[in-house]
Each structure stands twice: as structure tokens, then as C-alpha cells.
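Engineer: For the protein sequence lines, the chains are A and B, in the order given. The working numbering puts the first residue of the first sequence at 10, with every later residue one more than the last. The working numbering puts the first residue of the second sequence at 2, with every later residue one more than the last.
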Amino acid sequence: MTTPDMRERIDGFPTHRIGPYRVRAGRPFPYGATPVPGGVNFSVYSDGATTMSLVLFERGAAQPSAELEFPPEFCIGSVYAMTVFGLDLENLEYGFRADGPFDPARGDRFDAGKVLSDPYARLISGREVWGTEPDWDNIYHYRSQVVNDDFDWGGDQPLRIPAEDLVIYETHVRGFTRHPSSRVSAPGTYAGLREKIPYLRDLGVNCVELLPVFEFDELDNPRTDPVSGERLYNYWGYNTVSFFAPKAGYAATGPFGMQADEFKTLVKELHKAGIEVVLDVVFNHTAEGNEQGPTISFRGLDNATYYMLTPRGEYYNFSGTGNTVNCNHPVVRDFVLSCLRHWVAEYHIDGFRFDLAAILDRAPDGTPLPNPPLLEQLAHDPILRHTKLIAEAWDAAGLYQVGNFPNYGRWSEWNGKYRDTVRRFVKGEPGLVGELATRMAGSPDLYQGRTSSASVNFITAHDGFTLADLVSYNDKHNEANGENNNDGADDNNSWNCGEEGPSASSHVRELRLRQMKNLLTILLTSQGIPMILAGDEVGRTQLGNNNTYCQDNELSWFDWGLVDANAELLGFVRSMIAFRHAHPVLRTSDHPTGTDRVGSGYPDVSWHGVRAWAPDWADHCRVLAMMRCGRHAKSGSVADDHVYVAVNAHWEAHDLELPALPEGQRWHLFADTGTTVHPVGAEPGLQHPWRYHLGAHSAVVLVGRTADRDDHQTQKENHRGF
Amino acid sequence: MTVKVSSQVLAGVTVVALEGEINSTTSGGLQSQLLPFIGHGSTVLIDLTGISYVSSAGLRTLLIVHRHAQQLDAEITLVGLSEEVSFVMSATGFLDFFRIADDLDTELERTGR
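Following this line, the structure appears as C-alpha cells:
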């Protein structure tokens with residue numbers, strides 16, 4: 010039997026002619042530019058435009074090669090759609106020109122003098138090589154391009170790792186391999202990151218969270234370094250130019266227009282290594298800024314639809330960056346949803362972290378909504394059904410929703426309270442033992458009725474001190490950012506361990522190393538999803554700069570020389586991650602209750618102090634120990650050992666009384682931040698069955714299990730137990 | 002603009018040598034020139050030594066030819082990739098789909114055995 014060749018269709022032929030171009034009425038869906046048989050379908054909407062033209066450029070040309078006005082009969086509703094035949098996709102750049110009223114008080118800011126980027130552009134040219142100065146007189150900077158979404162994924166799909174089993178690693182595509190020490194073939198690119206997958210595997214993380222990869226302009230920062238006089242960048246990229254396009258300047262093949270293939274290849278290879286990909290997405294504002302900002306796309310298409318405007322037509326600024334996206338407007342909701350679906354369906358992205366997500370629940374006039382339609386829609390969307398949704402549950406205008414971000418049983422949150430509590434406890438502040446216990450148990454006070462993966466636990470993130478700086482600086486040192494040290498957070502809860510900045514004192518250096526280990530020990534034994542900032546595992550410093558958004562240099566880049574220089578810390582982090590993966594009791598989805606629900610004779614979690622079973626919640630106390638009973642692991646569905654974690658934030662050592670284990674079991678030493686860490690599964694038994702001497706500013710992790718035959722030998726090597 | 006295509010049979014293997022740039026202008030013509038070389042169960046070596054640049058459309062054309070070959074149980078091997086072509090194909094994942102040979106003589110020896 011033969012089948013007819015369906016490639017030829019009757020709508021594969023033009024019906025109209027505009028100048029030399031053969032065209033026909035297009036399809037309104039999907040929006041944007043879509044290759045169709047014989048041509049490209051262009052679809053764009055604008056409520057207020059009086060006329061709309063498609064503007065075509067040859068790649069890189071200063072002036073358009075043609076402008077095709079949409080005939081009235083090509084318009085359905087407020088959607089302009091046209092198929093243009095015979096275009097060379099590879100050498101084509103396109104945009105739109107919309108004419109309409111300029112009446113800011115009523116919200117209209119049409120400007121027929123501008124060529125507008127397609128909000129749905131799948132690819133953007135104009136900034137293909139990072140940091141290259143463009144021709145600033147160019148009439149069209151961020152040029153939309155057509156792409157064939159035909160990537161061959163093989164059998165790949167998003168991994169669907171249970172959220173509670175994740176260990177997230179937050180990193181920056183460029184910063185991860187831009188440093189010369191990375192020794193990759195294309196430093197600072199998606200391809201470069203791909204070459205470092207073996208490092209990520211060895212580290213043990215199973216999710217990378219990438220700082221923004223939607224096309225942005227690293228050159229939109231007007232500031233210079235006051236000392237060196239060098240240009241400052243928008244290095245982090247929280248200023249989206251185009252929401253459907255991967256950043257070309259992050260692709261080694263960007264100059265060839267193959268950034269989509271390169272990024273997809275990275276995702277595919279990460280998935281092969283068992284590593285999920287979460288994107289940091291910025292829907293709260295755009296790169297168009299306020300009234301003084303450039304008109305790139307949205308402002309010239311439907312300003313009052315896309316942006317929250319005051320009754321006088323000025324931009325609300327809940328984002329702190331000039332404008333605020335009107336997220337709960339029905340049209341914008343549709344835009345955001347389409348965008349996320351695109352990244353999941355087309356790029357196999359596993360999850361999203363939403364920057365300043367509190368803005369996503371504001372109404373068009375800025376009022377927080379109890380039941381914001383956008384968030385509900387994202388939570389229930391079929392394409393996003395298994396996608397991780399993580400909120401940075403605050404904004405720049407004082408809306409702080411950690412613990413009460415509308416979640417629909419789906420949303421997780423960056424737990425800022427976790428960060429603050431752990432930092433303050435470890436630096437030695439009094440009165441925090443009780444709150445630390447709550448945070449280590451998954452913050453049930455904040456997330457009652459939700460799973461513990463509602464809480465993304467972190468000590469450090471891109472925004473703020475690195476881990477090494479957290480223990481080396483009392484104050485931020487942001488002078489290089491060109492704002493007289495006025496930028497960046499002031500409430501860092503940091504402690505320099507006795508000297509500000511680099512120190513030659515071995516005492517200070519040892520204390521700092523121990524403090525970093527203490528913080529990571531708490532992070533990786535707490536219930537909830539741990540997130541590590543890239544480089545913290547090797548003690549990366551930013552010299553006290555806690556806001557390196559503009560620093561595209563060694564201050565921000567991952568220095569791979571630290572892998573050897575700080576091998577001890579790296580080894581510790583690898584072991585702690587391996588320990589977490591090996592012990593499901595630390596990754597239980599339900600919050601612990603402090604009761605025995607499986608008949609093991611032990612509660613799922615119990616708290617201890619210097620005395621077993623007697624936690625000291627008093628203000629002056631700085632010691633807390635947590636025991637998890639392995640019989641309760643994953644709510645009793647799998648078997649695990651007992652795990653005991655004690656943290657001493659006091660400046661004096663303490664002798665801890667250990668809780669007794671079931672008959673036939675004994676405590677084994679996994680890690681002591683002051684001495685050593687042992688391979689998972691080969692922990693030596695403690696000599697003394699119920700005492701442990703824990704040094705000042707130290708943490709210890711013990712495993713309670715049946716005594717091994719070879720314990721006798723290892724006991725002799727274990728000098729710290731007594 | 003076209004890609005220059007020349008072919009010869011060496012040790013029972015069809016060797017198709019290409020010369021020029023494979024881009025959106027040339028790739029359509031190249032595809033129709035390459036497909037006739039691919040018969041049921043055939044072995045074809047595509048020699049890219051004379052190719053200075055392969056664009057996104059060019060890589061897609063090569064992959065389409067490869068997919069045709071798979072349907073016919075034919076085997077395509079690429080040989081003579083420049084460092085840049087090889088890097089671009091690697092970064093974009095295209096390299097993973099093809100058999101790549103280091104040089105023509107070694108490959109002919111392998112297939113001739």
C-alpha cells in the first residue's frame with residue numbers, strides 16, 4: 010500500500026502578492042513565526058494598533074529589505090497573521106512595526122518609528138557574542154529570527170525526580186566555565202558547561218538551576234567600575250529582552266544561530282547524567298524599563314496590557330527595576346503560560362524558579378490577590394504537570410510571602426527564613442535553638458499541610474555572600490559596583506571569624522573552614538530541598554561583594570584552581586551529598602511529628618542537647634542535636650539507619666550524651682567538621698557507646714546501625730571518640 | 002551557489018567528496034544530489050575535507066540524508082571534518098548521530114575488510 014505524499018497542501022500556495030513577496034492569509038495560532046510548507050506563518054496581536062507591518066531584514070543588514078503591511082482581511086480579532094513564501098530562514102531577521110496612538114495618560118505608547126521584536130521570537134540575533142559592542146545607531150537591536158523546532162531528542166524527556174530527593178546546584182552558564190582555569194573548549198558557554206558534567210556527577214547534585222538564560226542584553230548597564238574605569242555589565246541577566254529565546258551569547262555556536270540546538274544538547278546530556286535543569290525565570294519585569302527605557306517589543310504593541318500602570322499611565326515599579334509585568338491580565342497570563350509550555354515541551358526543562366514571584370499574584374492595580382489566576386493556571390497546566398515550580402516568594406515593594414505564597418499544592422518556595430536562621434545560629438547568636446529545630450524539620454510552621462519539599466533550603470544563593478565570604482566578612486564590600494557600596498543587602502548575618510577578609514592566621518582559617526562545613530552539614534541533613542550555590546563547595550570568594558550582578562570577571566567566575574586548593578572542603582561536600590542520597594530518612598516528604606508512627610520505639614524525629622532526650626531551648630544555649638529514626642524513612646516505606654546530627658555553635662567544646670540505640674546497634678562516625686569525614690557506608694564505630702566530645706564551633710553526624718565485624722579495627726583509628 | 006559533488010568507488014565503497022559551503026542556499030540542491038547515492042544496504046562515505054563551513058540548515062540536510070539512509074539500512078560515514086565543523090557538530094549534538102571516521106584511507110581499509 011502506498012500513502013499519498015501529504016507534504017503538498019493546498020494552503021502551501023500563495024493567494025496574494027505584496028511587492029515581490031507572495032503571501033496568503035496566515036493562521037493566528039501559534040503566535041510568532043512558524044515554518045509552514047513553502048513559507049513562514051507570522052502571527053502577532055495588538056489591541057490598539059491601527060496598522061501593523063511585518064518588517065524583513067537580511068541577516069545583519071542595517072536597513073530592512075521589505076515592509077509588508079498586513080491587509081485588513083489578514084486580521085482576525087486583534088491578531089494579524091500572514092504566511093510569506095520563499096523566505097531564506099537562515100538569513101532572515103524580522104520584526105513588526107505597529108502604528109497607533111501615543112497617549113501615555115491612557116496607557117498607549119505606540120511608536121511607528123520603531124521596529125519591534127516579536128514577543129514570541131524563538132531566536133534572537135544582535136547579541137551573538139557576549140560583550141561585543143554593537144552599533145548603537147542600529148535601528149533594530151534584538152532581531153527576531155525563525156527557527157526550525159526539529160531537535161532530535163532521542164528518548165529524552167524531563168526526569169521527574171521526586172522533589173524531596175533533589176540536591177539543587179545554582180549556577181551561571183557563563184560564570185561556570187568562563188575562567189581560564191576551566192580548560193574547556195568553549196569557555197563560558199552551554200557547550201562548556203556540558204564538558205563539566207562529570208564534575209557535577211562526582212559532586213552528586215541531581216539538579217542544576219541556571220541563572221536567566223532567556224535572551225537579555227549584558228550591555229544594558231551604564232555604570233563603570235569607579236577604580237578600574239572598566240565597563241560594568243548586566244552579568245546575571247535579570248532583565249529579559251525575549252522570553253522564548255535562549256541567550257545567544259551563552260552559545261559557542263551563537264554566531265551561527267545555533268544556540269537552540271546547543272542549549273538543547275546541554276539539557277539532553279545533563280538528563281543522561283541524571284541531572285535535572287531548572288531555569289531561573291524573570292516574569293516580574295522586562296528590559297523596557299520605565300518611561301525613559303527603550304521600546305523593544307511590549308511597550309510598542311500593547312503597553313497597557315503588558316504593564317501595570319497607575320491611573321495616570323505611569324509605570325508601577327514593584328520590581329525595583331522600572332516596570333512591572335501585568336501578570337494577571339488574561340492576555341499576559343496566556344503569554345506566560347505559553348512561554349513556560351514552550352520551555353518544557355521544546356527544551357525539556359524540568360522546572361522553574363520564579364524571580365520576585367510575589368509580583369505574580371498582584372492584580373493589575375498592584376493589589377495582592379488571594380487566588381491569583383496565573384498561579385492557579387500554572388499549577389494545573391497539563392504540560393507543566395510534573396514541572397517543579399519554585400517561587401522567590403517576595404518582591405521589591407515589600408510583599409513578603411514566605412510560608413503563604415499561594416501554592417495549590419504545587420509550588421515550592423525559596424525559604425529565606427531557613428537561610429537567616431541557620432546563618433544566625435551558626436555564627437553564634439543566642440535564642441535560636443528552637444527555631445533551628447523547626448527549620449531542620451522542614452519548616453512545618455510555614456508549610457503545615459504541605460510536603461517538606463515546599464521548602465527550598467539554602468544558606469547562600471547568587472544574591473548575597475558566597476559561603477566563603479559569609480564566614481570571612483562582617484560587612485559587604487561592593488565598591489566595585491559603582492554605587493558607593495549602597496547596593497546589595499545589609500542584613501547578611503555573617504561573621505568574619507575574627508578578621509575582615511583574607512587572613513594569614515591559621516586559627517582564623519581553620520575556624521572558617523569548620524564554619525563552612527557546619528553550615529553545609531545543617532543544609533544537607535535538613536528536611537526540604539537543599540540548594541547549593543556553585544563554587545561554595547570549593548570556597549569561592551567574591552572578596553566580600555554580595556551583589557555581583559554587574560561583575561563579569563574573576564569576582565564572579567568559578568575558579569577551577571580551587572578544586573585542588575580547597576580539596577578538603579570539596580571532599581566534605583561530596584561526602585555530605587552522598588550521605589543525603591544514602592539516607593532516605595533525611596528526604597522524607599511528610600513533615601516529622603515527633604511521635605512514633607511505625608512502632609519502632611523511637612519518634613520520627615527527636616531533639617537532644619548536651620544530655621540525651623533533653624534539648625535545651627533556653628536563650629543562652631547554642632547546642633542542638635537531632636536524631637532521625639530510620640524506620641520512619643519515607644514515612645516508614647523504606648528501611649534506613651538512625652541518623653544523629655549535633656551542632657555546637659558555642660565557642661567552647663561540649664561532651665554530648667548520645668541517645669541509646671536499639672539492642673545490637675551502635676553509633677558510627679560519619680563526619681565531624683573539626684576532624685574528619687568517612688566514606689558513606691564505611692563509618693567506623695564509636696569507642697564510647699554514648700558519649701561524644703564535640704569541639705567548639707563544630708558539628709557531628711553519626712549513623713546508628715548494627716555493629717560491623719571490622720569495627721574493632723576502625724575504633725583504634727578513631728581518636729576523637731572516647 | 003552550489004556545493005561541488007564528485008564521487009568515485011574505492012574498494013567497493015562509494016566515496017562522495019563535497020566542496021564549498023553547506024548553507025541554506027546550497028543545502029537543498031545538495032540533498033537532491035546526495036540521495037541517489039544511497040541505495041538499500043549501501044555504504045557511503047561522505048568526504049567533507051573540501052567543506053569550509055556547515056550552517057544550521059546544512060547540518061539539518063546532512064541529518065536528513067542520514068535518516069533516509071537509516072530507512073534503507075544503508076550506512077553513512079562522515080570523514081574529513083575540519084576542526085570548526087567538528088566543534089559545531091559536537092556542541093549542537095549533531096555529531097552524536099553520525100559515524101565519523103578520522104581519515105579516508107583508514108576507513109576504506111576498515112570497510113574493505
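C-beta: ideal position from N, C-alpha, C; glycine also.
Within the chosen definition, does the segment 576 to 583 of chain A reach the segment 253 to 267 of chain A through at least 3 CB pairs nearer than 8 Å?
Structural biologist: No, the segment 576 to 583 of chain A is not in contact with the segment 253 to 267 of chain A.
Engineer: Taking a contact to mean a Cβ-Cβ separation below 8 Å, would you say residue 153/A touches residue 104/A in this structure?
Structural biologist: Counting from one through the first sequence, the residue named residue 153/A turns up at place 144. Counting from one through the first sequence, the residue named residue 104/A turns up at place 95. In this structure, residue 104/A lies closer than 8 Å to residue 153/A by Cβ.
Engineer: Looking at the C-beta of residue 100/A, does it have a partner C-beta in chain B at a distance below 8 Å?
Structural biologist: The residue labelled residue 100/A in the question sits at position 91 within the first sequence. Chain B contact via Cβ: present.
Engineer: Taking Cβ positions, are residue 70/B and residue 28/B nearer each other than 8 Å?
Structural biologist: Looking up residue 70/B in the second sequence gives position 69. Looking up residue 28/B in the second sequence gives position 27. Not closer than 8 Å, so no.
Engineer: Going by DSSP, name the residue or residues bridged to residue 108/A.
Structural biologist: Numbered from 1 along the first sequence, position 99 holds the residue referred to as residue 108/A. DSSP, once it has assigned bridges, lists 60/A as partnering residue 108/A.
Engineer: How would you list, in chain order, the residues of chain A whose beta-carbon sits under 9 Å from the beta-carbon of residue 70/B?
Structural biologist: As a working note, residue 70/B is residue 69 in the second sequence. By Cβ distance, chain A contributes nothing, its closest Cβ being about 15 Å from residue 70/B, past 9 Å.
Engineer: Give the list of continuous beta strand (DSSP E) stretches no shorter than 3 residues that lie fully inside the segment 281 to 361 of chain A.
Structural biologist: Counting only runs of 3 or more, we get 285 to 290.
Engineer: Alpha carbon to alpha carbon, how far is residue 26/B from residue 47/A?
Structural biologist: By 1-based counting over the second sequence, the position of residue 26/B is 25. By 1-based counting over the first sequence, the position of residue 47/A is 38. The alpha-carbon atoms of residue 26/B and residue 47/A are separated by roughly 15 Å.
Engineer: Check whether the segment 315 to 324 of chain A and the segment 379 to 390 of chain A are in contact - that is, three or more C-beta pairs closer than 8 Å.
Structural biologist: Contact fails: fewer than three Cβ-Cβ distances are below 8 Å.
Engineer: Could you pull the start and end residues of the beta strand (DSSP E) that residue 41/B belongs to?
Structural biologist: Counting from 1 along the second sequence, the entry for residue 41/B is found at position 40. That residue, residue 41/B, is in no beta strand (DSSP E); it is neither H nor E in DSSP.
Engineer: Taking Cβ-Cβ distances below 9 Å as the criterion, which residues of the segment 86 to 105 of chain B are in contact with chain A?
Structural biologist: Answer in chain order: 88, 89, 91, 92, 93, 94, 95, 97 and 98.
Engineer: In angstroms with no decimal places, state the Cα-to-Cα distance between residue 291/A and residue 413/A.
Structural biologist: Mapped onto the first sequence, residue 291/A falls at position 282. Mapped onto the first sequence, residue 413/A falls at position 404. Whole-angstrom Cα-Cα distance: 20 Å.
Engineer: By Cβ distance, which residues of its chain are closer than 7 Å to residue 188/A, with the 5 residues on each side in sequence left out?
Structural biologist: Within the first sequence, numbered from 1, the residue matching residue 188/A stands at position 179. Taken in chain order, the residues that qualify are 563, 566, 567, 568 and 569.
Engineer: Just checking: is the beta-carbon of residue 18/A within a distance shorter than 8 Å of some beta-carbon in chain B?
Structural biologist: By 1-based counting over the first sequence, the position of residue 18/A is 9. Taking Cβ atoms only, chain B never reaches closer than 8 Å to residue 18/A, which makes this a no.
Engineer: Should residue 703/A and residue 665/A be called a contact, given that it needs their Cβ atoms to be closer than 8 Å?
Structural biologist: Position 694 of the first sequence, counted from the start, is the residue given in the question as residue 703/A. Position 656 of the first sequence, counted from the start, is the residue given in the question as residue 665/A. A contact, by the Cβ cut-off of 8 Å.
Engineer: Using CA atoms only, rank isn't needed, just tell me which of 84/A, 421/A and 91/A is closest to residue 27/A.
Structural biologist: Position 18 of the first sequence, counting from 1, holds the residue named residue 27/A. Out of 84/A, 421/A and 91/A, 91/A has the C-alpha closest to the C-alpha of residue 27/A.
Engineer: Which residues of chain A have a Cβ atom closer than 7 Å to the Cβ of residue 33/B, listed in chain order?
Structural biologist: Start at 1 with the first residue of the second sequence, and residue 33/B comes out as number 32. Here the premise fails: no neighbours, minimum Cβ distance about 15 Å.
Engineer: Under 7 Å Cβ-Cβ, which residues of chain A neighbour residue 56/B?
Structural biologist: Residue 56/B sits at position 55 when you count from the first residue of the second sequence. Near residue 56/B (Cβ distances below 7 Å), the residues of chain A are 99 and 265.
Engineer: Taking the alpha-carbon positions, what's the residue 35/B to residue 66/B distance?
Structural biologist: In the second sequence, counting from the first residue as 1, residue 35/B sits at position 34. In the second sequence, counting from the first residue as 1, residue 66/B sits at position 65. In a straight line, the C-alpha of residue 35/B is about 7 Å away from that of residue 66/B.
Engineer: Below 9 Å between beta carbons is the criterion; list the residues of the segment 684 to 698 of chain A that meet it against any residue of chain B, in chain order.
Structural biologist: Hits within the stretch: zero.
Engineer: Can you pull the chain A residues whose beta carbon is under 7 Å from the beta carbon of residue 25/B, in chain order?
Structural biologist: For the purposes of this step, residue 25/B is taken as residue 24 along the second sequence, with counting starting at 1. The contacting residues are 97, 98, 99 and 100.
Engineer: Do three or more CB pairs link the segment 205 to 217 of chain A to the segment 280 to 287 of chain A at distances below 8 Å?
Structural biologist: Contact holds: three or more Cβ-Cβ distances are below 8 Å.
Engineer: According to DSSP, is residue 730/A helix, strand or coil?
Structural biologist: One-based indexing of the first sequence puts residue 730/A at position 721. Unreliable positioning characterises residue 730/A in this predicted model, as indicated by a pLDDT of 37, which lies under 50. The coordinate reading is nonetheless provided below. Coil at residue 730/A, not helix or strand.
Engineer: With a cut-off of 8 Å, do at least 3 Cβ pairs link the segment 483 to 499 of chain A to the segment 454 to 462 of chain A?
Structural biologist: Verdict: no, contact absent.
Engineer: Could you work out which residues of chain A lie near residue 61/B, taking near to mean beta carbons separated by less than 8 Å?
Structural biologist: Taking the first residue of the second sequence as 1, we reach residue 61/B at position 60. Ordered by position in chain A, the residues that pass the 8 Å Cβ test against residue 61/B are 157 and 159.
Engineer: How is residue 198/A classed by DSSP in three states: helix, strand or coil?
Structural biologist: For the purposes of this step, residue 198/A is taken as the residue at position 189 of the first sequence. DSSP places residue 198/A in coil when its eight states are reduced to three.
Engineer: If you scan the segment 391 to 472 of chain A from start to end, which runs of the alpha helix (DSSP H) of 4 or more residues do you find wholly inside it?
Structural biologist: List check, alpha helix (DSSP H) in window: 425 to 436 and 442 to 449.
Engineer: Does any C-beta atom of chain B lie closer than 8 Å to the C-beta of residue 734/A?
Structural biologist: Only positions 10 to 731 of chain A appear in this structure, which leaves residue 734/A out of reach.
Engineer: Would you kindly work out how many angstroms separate the C-alpha atoms of residue 10/B and residue 17/B, rounded to a whole number?
Structural biologist: Reading the second sequence from its first residue, position 9 is the one you call residue 10/B. Reading the second sequence from its first residue, position 16 is the one you call residue 17/B. C-alpha separation (whole angstroms): 9 Å.
Engineer: So what does residue 43/A bridge to, in DSSP terms?
Structural biologist: Within the first sequence, residue 43/A is the residue found at index 34, counting from 1. Looking at the DSSP assignment, residue 43/A forms a beta bridge with 50/A.
Engineer: How big is the Cα-Cα spacing for residue 651/A and residue 397/A?
Structural biologist: Position 642 of the first sequence holds residue 651/A. Position 388 of the first sequence holds residue 397/A. Roughly 30 Å between the two C-alpha positions.
Engineer: For residue 540/A, which option in 17/A, 61/A and 585/A has the closest C-alpha, if you only look at C-alpha atoms?
Structural biologist: To locate residue 540/A, count along the first sequence from 1; it is residue 531. The candidate whose alpha carbon is nearest that of residue 540/A is 585/A.
Engineer: Answer yes or no: do residue 461/A and residue 597/A have a C-beta to C-beta separation smaller than 8 Å?
Structural biologist: Position 452 of the first sequence holds residue 461/A. Position 588 of the first sequence holds residue 597/A. Going by C-beta atoms, residue 461/A is nearer than 8 Å to residue 597/A.
Engineer: Across which residues does DSSP place residue 27/A in a beta bridge pair?
Structural biologist: Stepping through the first sequence from its first residue, residue 27/A is reached at position 18. BP columns for residue 27/A point to 30/A.
Engineer: When you compare the CB positions of residue 250/A and residue 224/A, do they come within less than 8 Å of one another, or not?
Structural biologist: Counting from 1 along the first sequence, the entry for residue 250/A is found at position 241. Counting from 1 along the first sequence, the entry for residue 224/A is found at position 215. Yes, they are a contact pair.
Engineer: Check the DSSP bridge columns for residue 216/A and list the partner residues they point to.
Structural biologist: Here residue 216/A refers to the residue found at position 207 when the first sequence is read from its first residue. 177/A and 285/A, per the DSSP bridge assignment.
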